[in-house]
């Protein structure tokens, strides 16, 4: 198939005579069960599957079908053993997943490796990689050092590479590129050196820039009044390091932005610091801002607001509404009208003593007394936040938003008291904390049920994502190596499997040959489960 | 569930200095390898940086600021040119030739070694900003020791378990104040234990009524394991009728976390720091 014909097919959303690996673009507009075409499984970010083969009644027979263990990678620079944080894509019976610097294609039936792609980085953080994006026959991957790379899904051969961020300025790139129409959306991370955040759309065939949205306004633009000066604005952070969500009907792209810089030292950037720590709605064809909601005005706690903005429809006061929900790292659960960003609900899901109230727009009001201090301030949220990047899930049948949260306390210290601080400018120290799985009622913002993990020791680092299913089972993991199936309505534990390493990605599911598979990544290993019947 | 209530200790998160924005829980790289984690280039030459500071101050500081973070002239710590430079191969020519279009004069007289030294001074300034493994908590002993002592004996009820002349004797010399503050707030967080979770005593009562006690090794929702007094290992599935009680010596510390004002905290730190 030649290049021109392929382009025409993709543009026309017609699968036609596809090569075996090709992703039918229609799948991106659906909630498919035979394909997991994007990081969150669909554009809504719900991570809810309509598959219902695995239920409370038959879950005891859910058993391991295969394992794939990463070999010949060794410790990764500065982070140690390989850790799968990516959610695999599943297209035409093949799974595509990543760790920093590496991409694999494995058979979704057997775990057999088809190919592997290795990137040799020249810097950047290897803290994680969230996976690949797919458009037709092509995969998109980010090297940690700001390289945007396209591969042929058939054999993993590189098509081209484009530089999207400068690792010398302490940018690093970890996200799974997101495909919207003929745009590949790419975000960046990095807050060590006070650089500005941005989000880009790139051409799927050439990798060339289509548009760039800046996380900060420029001098004279709306929002500039929320910064004291040009210098602060130009170094203001607001990274875009997790995939967003998309509403095809409204043609709006929803994205969370990271913390402002310097991270803990706010004295050189007085003001609310738009559009950091916000949820923004952008036009995916132009990159123009349509609305914003700022979750943490003038953040000084490193509470990136990149957590998935999950899209769902529900009735509010008897009227059907298009909504967006987010459990934010700052401890608040937000429900917004996704057509205009207006607040429907703001409610804490863990401690929130950093805020002294909620303003008329539903945005928390930060308490200056709880900013990091030279002698320390005591915060009732752990240092990593009330939650973090781990994907949550929303089950439209229960109306519950499931989030892996952490409650506890931490100390915030200001270490750079200069009127123009730089870098982080401060640090945090952990105290007591406890991991919980919380099922938040999207109508009230209150927890319907909470499961507190009693873990002590074993299992190591986790970053457990969540999958909910029409079989009324929610899958996630603890921090002690267990993959667990919970009753979605009441949090009762139905099933577990000890993986030896803790769940580090979002579990995903698909149907193949009439069988529902569940796939989870823990440390260096991918596990696939299915029921015997 | 009673056993779960008993198990309140959980994981103490020492996220501190080493964690980056994307790291969810403790296991940040230590101070030593923050450079490696951040993917920084070669470490600056500290001796050359010291020489360079003496050249930078009188020649450059009046425009770029004594700390190089900008004044009339641009901030050099966050300068892309400086960040791309390693050994003054980029910085050197700019100093020598100046930037006439931007009002920067040429400093043609510097020798190559001097340019190298100035470059290393700038790289040290970058290092101190970017490498958060090097950040130092400043003076945190700002509280009123007398008020702290009163809190210790009064509202905090600390004397129920602790004594300034007993188990906390000389605590002010054993710990840096910043570690002391963290450690008294929650002892397993840092300081009092060198590493890892505190060893807890656990008692498992089986459905038969038989009870086994020992040092907790591991606990999750499904299994518990321990070493008994003889050093023998025991492991149990947590089925219905099995009760697990973990001795919880830190309940008082956790309870206080809900009540401290920042002033209480600083006062107690100031008091404990006097226990030399």
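Protein chains in written order, with my numbering: chain A, 1 to 533; chain B, 534 to 809.
Every residue, glycine too, gets a C-beta built ideally from N, C-alpha and C.
A quick note: this is a predicted structure, and the numbers were derived from the prediction, not measured.
task = Give a yes or no on whether the minimum CB-CB distance between residue 96 of chain A and chain B is below 8 angstroms.
result = no
query = Counting only beta-carbon atoms, is residue 673 of chain B nearer than 8 angstroms to chain A?
reply = yes
query = Can you find a CB in chain B that lies within less than 8 angstroms of the CB of residue 168 of chain A?
reply = yes
key: Distance, residue 113 of chain A Cα to residue 104 of chain A Cα   = 7 angstroms
request  = Can you check the stretch 577-622 of chain B for any alpha helix (DSSP H) of at least 4 residues that lies completely inside it and give the ranges in chain order?
outcome  = 579-597 and 613-617
task = Please list, in chain order, all residues of the same chain as residue 444 of chain A whose beta carbon is under 7 angstroms from its beta carbon, the five residues on each side excluded.
result = none
ask   = Count the other CB atoms within 10 Å of the CB of residue 67 of chain A; is the residue buried (16 or more) or exposed (fewer)?
value = exposed
request  = With a threshold of 16 other CB atoms inside 10 Å of the CB of residue 647 of chain B, please say whether the residue is buried or exposed.
outcome  = buried
key: Counted within 10 angstroms of its Cβ, other Cβ atoms place residue 387 of chain A as buried (16 or more) or exposed   = buried
Residue 728 of chain B versus residue 432 of chain A: straight-line alpha-carbon distance, rounded = The predicted model places residue 728 of chain B with a pLDDT of 37, which falls under 50 and marks its position as unreliable, so this point remains unresolved.
Under 9 angstroms (Cβ pairs) to chain B, residues found in the stretch 409-430 of chain A = 409, 410, 411, 413, 414, 415, 416, 417, 418, 420, 421, 422, 423, 424, 425, 426, 427, 428, 429 and 430
Residue-level contact to chain A via CB, residue 738 of chain B, 8 angstroms cutoff = no
key: Closer than 8 angstroms to chain B by CB, residue 496 of chain A   = yes
ask   = Going along chain B, which residues have a C-beta under 8 angstroms from residue 482 of chain A?
value = 753, 754 and 755
request  = Anything in chain A within Cβ reach of residue 655 of chain B, meaning under 7 angstroms, just list it in chain order.
outcome  = Those within 7 angstroms of residue 655 of chain B in chain A number zero; the least Cβ separation is about 13 angstroms.
query = Around the Cβ of residue 359 of chain A, are there at least 16 other Cβ atoms within 10 angstroms (buried) or fewer (exposed)?
reply = exposed
message = Please state whether the Cβ-Cβ distance between residue 477 of chain A and residue 512 of chain A is less than 8 angstroms.
response = no
message = Taking the beta carbon of residue 417 of chain A as the centre, do at least 16 other beta carbons fall within 10 Å, making it buried, or is it exposed?
response = exposed
ask   = Using the C-alpha atoms, what's the distance from residue 482 of chain A back to residue 748 of chain B?
value = 22 angstroms
query = Any C-beta of chain B sitting closer than 8 angstroms to the C-beta of residue 364 of chain A?
reply = no
task = Answer with yes or no whether the minimum CB distance from residue 569 of chain B to chain A is below 8 angstroms.
result = yes
inquiry  = Once DSSP output is grouped into helix, strand and coil, what is the label at residue 654 of chain B?
reply    = helix
ask   = With residue 201 of chain A and residue 184 of chain A assumed to form a contact (beta carbons below 8 angstroms), what rounded beta-carbon distance in angstroms separates them?
value = 7 angstroms
query = Candidates A/210, A/248, A/189 and A/214: which alpha carbon is nearest residue 239 of chain A's?
reply = A/189
inquiry  = If contacts are defined as beta-carbon pairs under 8 angstroms, then residue 677 of chain B and residue 803 of chain B qualify, I think. What distance do you get, rounded to the angstrom?
reply    = 6 angstroms
request  = Could you please give the first and the last residue of the uninterrupted beta strand (DSSP E) stretch that includes residue 505 of chain A?
outcome  = Residue 505 of chain A -> no beta strand (DSSP E), and no H or E assigned at all.
ask   = What residues are listed by DSSP as bridge partners for residue 530 of chain A?
value = A/63 and A/517
task = Pick helix, strand or coil for residue 714 of chain B, following the three-state DSSP scheme.
result = helix
query = What is the rounded straight-line gap between the Cα of residue 686 of chain B and the Cα of residue 669 of chain B?
reply = 31 angstroms
key: Start-end ranges of the beta strand (DSSP E) lying completely within the stretch 184-217 of chain A, minimum 3 residues   = 198-202 and 209-214
ask   = Which term fits residue 556 of chain B, buried or exposed, when burial requires 16 or more other beta carbons within 10 angstroms of its beta carbon?
value = Annotation note: pLDDT 44 at residue 556 of chain B (below 50); position unreliable, coordinate value reported separately. When all chains shown are included, residue 556 of chain B counts as buried.
inquiry  = Going by DSSP in three states, residue 112 of chain A sits in which element: helix, strand or coil?
reply    = coil
task = Please confirm if residue 572 of chain B has its CB atom under 8 angstroms from at least one CB of chain A.
result = yes
Proximity to residue 499 of chain A [Cα-Cα], best of A/489, A/528 and A/491 = A/528
task = Please go through the same chain and pick out, in chain order, the residues whose beta-carbon is closer than 7 angstroms to the beta-carbon of residue 550 of chain B, but skip the five residues on each side of it.
result = The predicted model places residue 550 of chain B with a pLDDT of 29, which falls under 50 and marks its position as unreliable; any figure quoted below should be read in that light. The residues are 564, 665, 666 and 668.
inquiry  = Is it the case that the stretch 62-78 of chain A contacts the stretch 117-126 of chain A, given that we only count it when at least three CB pairs across the two stretches are under 8 angstroms?
reply    = yes
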